[in-house]
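Protein chains in written order, with the numbering used here: chain A, 46 to 431; chain B, 46 to 431; chain C, 32 to 130; chain D, 32 to 130; chain E, 218 to 400; chain F, 218 to 400; chain G, 503 to 796; chain H, 503 to 796.
Yeah, the Cβ is synthetic: ideal placement off N, Cα and C, and Gly gets one too.
Notes to accompany the following structure.
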Ligand SMILES: Cc1ncc(C[n+]2csc(CCOP(=O)(O)OP(=O)(O)O)c2C)c(N)n1
Ligand SMILES: Cc1ncc(C[n+]2csc(CCOP(=O)(O)OP(=O)(O)O)c2C)c(N)n1
Ligand code: SF4
Ligand code: SF4
Ligand code: SF4
Ligand code: SF4
Ligand code: SF4
Ligand code: SF4
Ligand SMILES: [Mg+2]
Ligand SMILES: [Mg+2]
């Protein structure tokens, strides 16, 4: 019923798109994303995937083409990374305002200059204000599964928003792992063909996106925020149905030994995976530590974050990103989320692993050590050579 | 010694650029910014301004041209708005990574779709993670003065980062007000010619921005964050010197009747100006209210925000922007800044004035009223029709 | 609740709106006749029904009357004067609007 | 503190770095001779000092010897074989590197 | 605080009129704001502009919904749109028209109406073309006369500083309007 | 957990070798990770790849700094770079060379060295061109034989699934390597 | 009344074009001819205002407003989408101004042309950024005033030869057309409708406020542009086969000065400037005739 | 040793180009000839790796790494900057790959050409996105394999005719050059150095891994490309005056099949595919000769 392969994260994305029966793919190559595009163009060429592949001349156009295709009622997919994502920026806002359920893979890579191709989440996290749902994956299986889940959520009429699936450069994108592929028939039961309420339809012509004055623009934005809020339940349902059909369980967040923990590490993406090793080790030493992995960074999972952190004494946030002039982005948002709670843990933030610097078991141990003996500060650096 | 004019915010920007003796201007028209460019191109044509004007074919190129000019050691200026700013996004990151002291005006306009040309700060606030310093002005005089201050700060060797001067569409950009222009000779005493430590120099050739591995990328980012932190003092000095020479006083934040206030409104840009009327009215009614206007949103003025808010009981944050799936951006960052304080005011956040919806004295009064009788929530809307 | 008053669409609240800024009516709500400071007047005697004014009107404001002759739709006509300028027999005159 | 070891530049900490990623040394730190699996060998007797191999070497790895003849810089020569292919008198041979 | 609204058509210079008027006030030591209706201007379509004038700094930066005074550049607008929307009682309405104030049939309560043939004056001084004469300077003379809020000398000086083409003629037109305004 | 490092040159297929090997382990029910050195691959320049193999799920997602075992696709690398950097004691080193293990002068303490003439085998099965034979499948046979960690059958099956060109010949090459590995 | 072009209107009155807008008329002609199986995509330009504010629209076919620089690629995306979800053949139409075509949208246009995406691309060329208040574009003719090329320093560079650029992509069909010649326009559209692949139309669309002309002269100006050869009407098939439609290659061109001086944007030109412009026109006309083999 | 091109090297060994890289050799020739008054700007492409990792660099002139789509405009910005701050005349040089030129950088290139910015633009054309692992660009020739145009469905479209596109901008000087003809290359550079305004060089730069060729054949392939007329060497001045340098327009072209079959990326082609390609080459060659008036 399901086939196991050993595939890199990039191919997990491609297979996810195939299993989701995407109809239009428009993408542009960039290290470390290229294999996504290469595999899809092969599969379009040999007929494995019945989709139109538009070999665009830039990422900006990749997103614009996806937007056009989606507006016409087709299921659209693309993938990119860092500079490409940044180049799309205007169109990221566009996809949201147009309420189009595009799914995109983004391979996290640090921003130039200087040139770099290595992992860091500033590229996608600095898109946090565009209105895309964001999923940060921590295994290739999750990458693959998330593509189906993403379409399921995005295309729900209550949501109608695009979703970005984010994976760490190299640590996932280029790392081959065991991945169970879902049989197409089962997948089709989970994910129905895209059938939007409104689209560019010659039989029912409408104009989309016309000049909107102060009279109603704000209400349209309100609807976007509302859709984000409603998406929480839609995501939960999509996860539940996924588990029922395929057995694998996901949440807006993932918790690991949090229940009785007095110190909880908050992290996203692969660092959160490596952190489990640390939690296990520290638990063996008798320390009450736990892990909260934020899987959906947008919509920000306020309830899950509050619920899981409020009984702890210390929260340690690991940021593989930097918002210069403020600090770590996850740190900022976690503090903001907890602010109005009656009792609040101390929250420590650390910046680590920028530009592909490895986040090892050791790195994470040091966070726990430092938080044990110090006070929180706006910006703390871990393993920077100063 | 100084001439008074009645000019629109856009021309205040242009005159600011002229008084700053910018050497290269590269810009692309967009409503509501066009007058900035038109006046500058006229002044370049008639010789009032001795600068190269590059009439680029897009905003992306406007920023790239500014980057090239700045890297060559020239003082570069540009201006844009909303879609144009978004289209520059990749290059915004670039200017920061390359550590170039470009100054740019951005006229706040809400993001499409739907098409709109009216005021909202999501465009510039959604660039908060790119590493630009950001100044939000609330009068045309401030716009003009801020151009000089911006170059002074940006070009300081401790900073070497670009600065964005942000003004509300129409409420400043198209509103003509009394503005005192600084005599060129005096201006020249304040702002010296740009003389960078390193530039593209055939006599001292270096390569800039070459591939950087995990070995040192993180340290280069650390330096950017450090520069942001150091810029706080540089800004204070620049403000002091400005006051000494020209008499007008600015801060990282502006406070209005905060000292003894138990309820403080936090706002940026023109809404903060209108808010003064409300503060005055409410004070007359005997209410202890105050205003904290954040002038520099980047670097985020942690100390000033904490110092001024920590003794209040309630803080009301007015956001003319939306980060869908989280909420108001200023609200989020203010909460985050206050999180680790020992005693914390209640912080209320409101989203108002999107898409050019007017923020009137009435609107602001309603915020005070609502905060009086309700509890904070992640997202509250003011004057949205629901 | 969405109301229609003539060609105008009146929303009351966010829920009335489509999910995105989708058109629900036509620009005919906008009676651009108010833009006019000169109005074209057809001299039906002169008009030879050649259709040239119709062909060139950017505002679809020339209709055919019962005789097949040109008739101006003053609700929308902006008064640009193209019809008058292009009429081969000068059957259309532009006259000042009432001041 | 910035150290130079041979052609290598060693930084110790962030303060040693220039403000942005600015070059401070040349690629000569990178001895690309290690990339070679075949090495070009010049037969000086055959070489007529025409300079063609020099002209076409993408790696600046052909120098002039005392007699004006071609000499390979094995520190950098990547062993592409262009010089051998282009030498008009076949004075250069590619031989396998030691395994 | 004075709050004034200007009505015209796209292409007629109503926005510039508001700027010149604000400038004239500023020269008399006032704090001012002048701004257009925040919309898309189309040639022929009705447009509006606004002016605020105050003795002290103007902090309020929202739009003007209830002006006290009106300036109307284009008489044909009187039939086309409701120029008196939101108008407060007791102010001045200055209209470019050949007619006398009492010949106009305006539905206003307590506003004082003044008229001036700005078009005729503009034509006389060859401002703009004969098909579209530029009336935005002349009418300001009418405003100065009707209201007495600002000196005609200030208007004239503001015109000379702000109008790039034919500043002298524009100034003369304002003066002539000042002298021929009917109330 | 097994941690293995593969050495080759850009263009030789070291990364693919790591994937095939991981796949072979996976077919035996193991959890695996295979990844290249995270760098820029240049034709001719030395490249490395890595494999992790475990009985349980692998959570750790950082790089491998201290592998236990090595696979060397390209004998000329032995002189050019230090292949033993970070190598743990007591593992296996499988090298593509015509020489016998004892003919190599490797500075390793307790590693077991195996050699196999993968190049010769690849040439025989016409894998790649004669100028640059593709040795990445053959050497895996050597690895299976030397270590015993994985069955040659699994290697063969993985090759057949993963290699698009000449899968049969590649599989044969692996078997022949398996049979001719020297320790 | 005689109807020399299709009678049916696919556009409503009440739209927001200025009095005498050539761009509005151009759309009217195109929609008439392409018919209802058409999906429009329009980037930022006057037409994004002309079409009317939300929740209204002037056109009777689906329209997608897209970002300024994306007309061609959005249309290509729409085409790809309709191929997957629609049974009927759809004309996917990109409709953009000169700024959105010659400048900021050029790359997307070139990409679509290179891939030979099966779309229509229309540029209504009013020779400046009009929607933002008349700034120079690379389609602005040499010598013209705009707000960024003041009369003290009018545009130095010649108009970018976009038709030659498109021709270099060897697209199946391209043509220059004018609102002043609706029958020629319609005929070409009907020809193009039968082609598959990339079809490109360059429309000269006079703009009264931008050109500083009287609204009633819009049609006249279009005619003068053609007759003076500053905007000749021609077709190119596969980037190779040129056909000149108007003015007649056999006759002399009318002098350009009358056309120029009817427009406020050229009124600062000196006689020698006009002579230079005339020379450039003559040269380009000769070149065009050579390419057309006449 | 004889030096038929300038002797001085402005580039260091140890750079990160693959064995036999045509693009590396191209830079070597260009810097030799332009000399030290040169500032380079390079967008994403193989050269952003070739130049070496921080804190090292292969070139001995200032180099600014810029974003992929910005080569021309960054160079224009640098030029504007140096005009204000440098006493000496500086050659501001944009150096980009074919992807950065034909595709993602085309718009910036067209903008700079239209403004006639005083810069050099070099495209080293290896006919695909090599730095990211050989994906199709619009410079990829018809029929070629790349990782996004698999042999089951090789590239359908012909190579975009960038030279014609640039020529449509009437730039002062443009030329096609090849690393296999360094003397011709140098001569053209020396000619261009004297011109002011936009100067464009299109370099064919064979790439062993991307073309699936042996490193030692790089020069040979460049020669075969010229001799077969698939990449003829010519100059255009002001978009009008064409001069063919090589192969001789009087002689017959060598058949292209040998050139194609020496490359792995074409090895899947059937005979009739090759015939089709040959036809296209012949047609383009005739057109070029017509343009050059020979
Ligand atoms: C990225 C971006 N930059 C700038 C603008 C502002 N803008 C909107 S329309 C326009 C001018 C359009 O000119 P053109 O394409 O010639 O169309 P026209 O307005 O003349 O009809 C500009 C500059 C925008 N919407 N988006
Ligand atoms: C905006 C953006 N998109 C994609 C990339 C990834 N990228 C870097 S180099 C490259 C290919 C460059 O191709 P080309 O210009 O032909 O140069 P070559 O690598 O072949 O030398 C790509 C796609 C990037 N750096 N930036
Ligand atoms: S005046 Fe203009 S809008 Fe009115 S009918 Fe004539 S052509 Fe149409
Ligand atoms: S153009 Fe003149 S004659 Fe022809 S239909 Fe119109 S009014 Fe009649
Ligand atoms: S083999 Fe290649 S790198 Fe070595 S010297 Fe010859 S041409 Fe240069
Ligand atoms: S090409 Fe041959 S003959 Fe000429 S210099 Fe080199 S080795 Fe000597
Ligand atoms: S500005 Fe010109 S193109 Fe735009 S609507 Fe008005 S007339 Fe038409
Ligand atoms: S991939 Fe090609 S162009 Fe790039 S460095 Fe290698 S040989 Fe040169
Ligand atoms: Mg235009
Ligand atoms: Mg390339």
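Counted within 10 angstroms of its Cβ, other Cβ atoms place residue i as buried (16 or more) or exposed
i	result
residue 658 of chain H	exposed
residue 546 of chain G	buried
residue 102 of chain A	buried
residue 249 of chain B	exposed
residue 698 of chain G	exposed
residue 218 of chain E	exposed
Cross-chain neighbours of residue i in chain C, by beta carbon under 8 angstroms
i	result
residue 269 of chain B	Per Cβ cutoff of 8 angstroms: no residues; residue 269 of chain B is ~38 angstroms from chain C at best.
Proximal chain B residues relative to residue i, where beta-carbon distance stays under 9 angstroms
i	result
residue 251 of chain A	The premise fails here: residue 251 of chain A is roughly 12 angstroms from chain B at the closest Cβ pair, so nothing lies under 9 angstroms.
Distance between residue j and residue i (C-alpha atoms, nearest Å)
i	j	result
residue 351 of chain F	residue 635 of chain H	19 angstroms
residue 752 of chain G	residue 727 of chain G	17 angstroms
residue 175 of chain A	residue 183 of chain A	23 angstroms
residue 381 of chain A	residue 347 of chain A	10 angstroms
residue 587 of chain H	residue 642 of chain H	40 angstroms
9 angstroms Cβ cut-off: residues of chain G touching residue i
i	result
residue 739 of chain H	Chain G residues near residue 739 of chain H: none, gap ~15 angstroms exceeds 9 angstroms.
Amino acids of chain D, ordered along the chain, whose beta-carbon sits closer than 9 angstroms to that of residue i
i	result
residue 254 of chain B	51, 52 and 53
Chain H contact residues for residue i, given Cβ-Cβ distances below 8 angstroms
i	result
residue 163 of chain A	Going along chain H, no residue has its Cβ under 8 angstroms from residue 163 of chain A, so there is no contact; the nearest lies around 12 angstroms.
Contact list for residue i against chain E, beta-carbon separation under 9 angstroms
i	result
residue 471 of chain B	Any question about residue 471 of chain B goes unanswered here, given that chain B covers just 46 to 431.
Completely contained beta strand (DSSP E) runs for the region 357-398 of chain E, where each covers 3 or more residues = none
Give, in chain order, every unbroken run of the alpha helix (DSSP H) that is at least 4 residues long and sits entirely within the region 296-349 of chain A.
-> 314-329
Is the region 152-164 of chain A touching the region 570-583 of chain G, taking contact as three or more C-beta pairs under 8 angstroms?
-> no
In chain order, which alpha helix (DSSP H) runs of at least 4 residues are fully inside the region 593-649 of chain H?
-> 608-617
Inter-stretch contact at 8 angstroms, needing at least 3 Cβ pairs: the region 88-95 of chain C / the region 45-56 of chain C = no
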